[in-house]
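Asker: Before I ask anything, let me first share the structure, which is written out below as structure tokens.
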Amino acid sequence: MTTTVLHTPARAADEVASIIEGLYATVDVWRAELAGHLAAPEQLSAARIDPLVEAFAVPAVTDDPLITGAGFVAAPGLLEDAHWHLAWWLGSPGSGVRRLATVDDETSDQFRDYTALEWWRVPFRTGARHLTGPYVDYLCTDDYTVTLTVPIVADGEFLGVVGCDALVERIESRLLPALSALDAPAAIVNAAGRIVTATDARREPGAILRLAGLTEALAPLRDAHPISVATQLPGGESVRSCGASGLALIVG
């Protein structure tokens with residue numbers, strides 16, 4: 004006779020947090036490595052910084068099964084030889100490793116001001132790490148992606164962000180076992196209620212989960228320093244934050 008062992012919501016939320024915190028721990032190592040170089044008195048340049056970024060980004064997209072993109076994005080004007088600058092590498096089993104090609108000429112129709120994008124805008128405003136997505140990353144992979152970014156700040160000056168991309172389908176493969184072990188339908192959402200993954204196939208990644216009271220319940224996760232959430236919605240669904248990952252587990 005076999006026995007099915009069910010998870011509790013608390014345990015499932017902890018497992019989700021562990022996966023995301025593992026990614027943040029990796030990014031924090033990169034931040035520490037770069038911070039010292041960026042805060043040095045010498046004039047900063049892309050020629051000097053890019054090899055430092057490549058040294059951690061290429062192994063990450065090559066060896067880590069969750070990470071598909073990694074790198075550093077400089078604050079405009081930080082580098083003497085590149086007003087706008089992304090040092091970002093991408094990796095996939097089919098195409099190997101490549102550097103993301105970008106357009107830095109502001110007069111070009113293809114130029115994109117990255118300071119308007121969420122993965123930059125929120126860390127710049129809050130000074131705290133941030134998880135963006137899931138969203139379709141047309142610039143890099145054309146697949147649903149989450150991007151984790153951590154700000155680099157020295158003497159009160161915002162120098163840029165360091166971070167990584169992870170494909171939702173890869174994260175799903177790690178998260179779904181914990182969710183499937185619950186005794187009710189479950190979903191992982193970001194602070195805006197956007198679905199990362201769910202046990203119900205009708206709840207597709209990238210869609211907004213529309214439940215009465217959910218927007219209000221997730222409000223603490225949208226703070227610069229999220230606080231724990233454990234509450235029940237009017238419809239009976241439970242909401243539990245997944246550590247400090249910026250994600251929440253919805254059961255029911």
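Residue 85 in our numbering sits at position 82 of the sequence shown, and the numbers go up by one each step. For each residue, glycine too, the CB sits at the ideal point set by N, CA and C. Just so it is clear, the structure is predicted and the values come from calculations on it, not from any experiment.
Report yes or no: do the region 245–255 and the region 183–196 share at least 3 C-beta pairs separated by less than 8 Å?
Answerer: Touching, yes.
Asker: Beta-carbon within less than 7 Å of ILE211's beta-carbon, same chain only, minus the 5 sequence neighbours each way: which residues are those?
Answerer: Excluding sequence neighbours, ILE211 sits near GLY196, ARG197.
Asker: Less than 7 Å between C-beta atoms, sequence neighbours within five positions excluded: which residues of the same chain meet that for LEU41?
Answerer: Excluding positions up to five away in sequence, the list reads LEU47, ILE155, ALA157, LEU162.
Asker: Is it the case that the Cβ atoms of ALA119 and VAL149 are separated by a distance below 8 Å?
Answerer: No, the Cβ-Cβ distance between ALA119 and VAL149 is not below 8 Å.
Asker: For THR218, which residues from the same chain have a beta carbon less than 7 Å from its beta carbon, with the 5 sequence-adjacent residues on both sides left out?
Answerer: Excluding positions up to five away in sequence, the list reads GLY196.
Asker: On the three-state DSSP scale, how would you describe GLY25?
Answerer: Helix at GLY25.
Asker: Starting from LEU151, follow its DSSP beta bridges and name the residues at the other end.
Answerer: According to DSSP, LEU151 bridges with LEU134, CYS167.
Asker: Less than 8 Å between C-beta atoms, sequence neighbours within five positions excluded: which residues of the same chain meet that for VAL100?
Answerer: Counting only Cβ-Cβ distances below 8 Å, and skipping sequence neighbours, we find VAL61, VAL64, THR65, TRP92, LEU93, GLY94.
Asker: Suppose only complete runs of 4+ residues qualify. What are the alpha helix (DSSP H) ranges in the region 181–241, listed by chain order?
Answerer: You should have 217–220.
Asker: Where do the ends of the alpha helix (DSSP H) carrying ARG102 lie?
Answerer: Per DSSP, ARG102 belongs to no alpha helix (DSSP H); it is in the beta strand (DSSP E), 99–102.
Asker: Which residue from GLU18, HIS10, ALA104 puts its Cα closest to that of LEU250?
Answerer: Cα-wise, what sits closest to LEU250 is GLU18.
Asker: Relative to the alpha-carbon of ARG243, which residue among ASN193, THR135, ALA73, ILE52 has its alpha-carbon at the smallest distance?
Answerer: Comparing Cα-Cα distances from ARG243 to each of ASN193, THR135, ALA73, ILE52, the minimum goes to ASN193.
Asker: With DSSP as the reference, label ALA157 as helix, strand or coil.
Answerer: Looking at ALA157 - three-state DSSP - the assignment turns out to be strand.
Asker: Ignore the nearest five residues each way along the sequence and tell me which others in GLU121's own chain have a CB closer than 7 Å to its CB.
Answerer: So the list reads THR135, once near-sequence residues are dropped.
Asker: Within the continuous beta strand (DSSP E) that includes TRP91, where are the two ends?
Answerer: Note, TRP91: beta strand (DSSP E), 88–95.
Asker: With DSSP run on the structure shown, which of helix, strand or coil describes VAL106?
Answerer: Residue state, collapsed to three classes: coil.
Asker: Return the CA-CA distance between THR6 and THR105, expressed in angstroms with no decimal places.
Answerer: Residue placement at THR6 is flagged as unreliable, the pLDDT there being 42, under the threshold of 50; the coordinate-derived value follows with that caveat. Distance between the alpha carbons of THR6 and THR105: 53 Å.
Asker: Looking at the structure shown, is THR71 part of a helix, part of a strand, or coil, going by DSSP?
Answerer: Correct three-state label for THR71: strand.
Asker: What would DSSP say about SER176, mapped onto helix, strand or coil?
Answerer: Helix at SER176.
Asker: Give the DSSP bridge partners of LEU82, in chain order.
Answerer: According to DSSP, which records beta bridges pairwise, LEU82 is partnered with ALA85.
Asker: Mind checking ILE174: buried by the 16 CB within 10 Å criterion, or exposed?
Answerer: When all chains shown are included, ILE174 counts as buried.
Asker: Checking 8 Å against the spacing of the C-beta atoms, do ILE22 and LEU178 come in under that value?
Answerer: Contact flag set, yes.
Asker: Does the distance from the CB of GLY239 to the CB of ALA215 come in under 8 Å?
Answerer: No, the Cβ-Cβ distance between GLY239 and ALA215 is not below 8 Å.
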